[in-house]
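Numbering follows our numbering, in which position 81 of the sequence shown is assigned residue number 393; successive positions increment by one, without gaps. Notes follow once the structure below has been shown.
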Amino acid sequence: MAEVRSCPKCDAFFNYTGVRDVCAKCAQKEEDLYQVVYRFLRKRENRAATVERIVEVTGVDEDTLYNWVRRGRLHTAMFPNLGYPCDQCGRLTSEGKICARCREELKQDLRTFDAAKQFREDVANREKGTYHTDKK
313 MAEVRSCPKC DAFFNYTGVR DVCAKCAQKE EDLYQVVYRF LRKRENRAAT
363 VERIVEVTGV DEDTLYNWVR RGRLHTAMFP NLGYPCDQCG RLTSEGKICA
413 RCREELKQDL RTFDAAKQFR EDVANREKGT YHTDKK
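Here you go:
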């Protein structure tokens, strides 16, 4: 069942069905902008354009462009300089929420934590010690 919501872009009311988060009018404007950006990027000389260059030429805002990349509407395999900001450091990434560098740092931190935990457990086990007595 549809739910009445206010469009976050223009404040108009619309029936939210779970498909779009904006009203039909704003969705059409966004689709028109997408077509402008896609036509720009399809030209061979523009395929390696940066986010800043695309924003400058097409007039689309960065957040919308990032959203299209995040949702997979613009593929980074075809347009290598596209991406969206890493949630951790802000560097551009094309998959997940954090970039490869932050992912590696996180993995290293987890390895360090696991090693420290294992060391603490080993020390605790050694301190318990088992004493044997010679019973004759």
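From the three backbone atoms N, C-alpha and C, an ideal C-beta is built for every residue, glycine too. Source: prediction; values computed, not measured.
Could you name the residues of the same chain whose beta carbon sits closer than 6 Å to that of residue i, not counting the 5 residues immediately before and after it, in chain order?
| i | result |
| --- | --- |
| Cys322 | Cys338 |
| Val348 | Thr370 |
If you run the structure through DSSP and keep just helix, strand and coil, what is residue i?
| i | result |
| --- | --- |
| Glu364 | helix |
| Glu407 | coil |
| Asn327 | strand |
| Val372 | coil |
Skipping 5 residues on each side, what residues in its chain have a beta carbon closer than 7 Å to that of residue i?
| i | result |
| --- | --- |
| Pro392 | Ala360 |
| Glu374 | Val363, Val367 |
| Cys401 | Cys411, Cys414 |
With residue i as the anchor, note down where its beta strand (DSSP E) starts and where it stops.
| i | result |
| --- | --- |
| Arg385 | Here Arg385 belongs to no beta strand (DSSP E), and DSSP marks it neither H nor E. |
| Asn437 | Looking at the DSSP string, Asn437 is not in any beta strand (DSSP E); the run it does join, the alpha helix (DSSP H), is 412-440. |
| Val316 | 315-318 |
Assuming contact is defined by CB atoms lying nearer than 7 Å, are residue i and residue j in contact in what I supplied?
| i | j | result |
| --- | --- | --- |
| Tyr396 | Val381 | yes |
| Val334 | Cys319 | yes |
| Ser406 | Thr424 | no |
| Arg409 | Asp421 | It is Lys, not Arg, that sits at residue 409 in the sequence shown. Result no, Cβ atoms of Lys409 and Asp421 do not sit closer than 7 Å. |
Quick check on the DSSP output: the alpha helix (DSSP H) that includes residue i runs from which residue to which?
| i | result |
| --- | --- |
| Glu343 | 336-354 |
What does DSSP give as the partner residues of residue i in its beta bridges?
| i | result |
| --- | --- |
| Tyr396 | Thr405 |
With a threshold of 8 Å on Cβ separation, who are the neighbours of residue i within its own chain once the five nearest residues in sequence on each side are excluded?
| i | result |
| --- | --- |
| Thr328 | It is worth fixing the name first, because residue 328 is Tyr in this sequence and not Thr. Answer for Tyr328: Ala314, Glu315, Val316, Arg317, listed in chain order. |
| Phe352 | Asn358, Ala361, Ile366, Val369, Thr370 |
| Leu345 | Thr370, Gly371, Val372, Thr376 |
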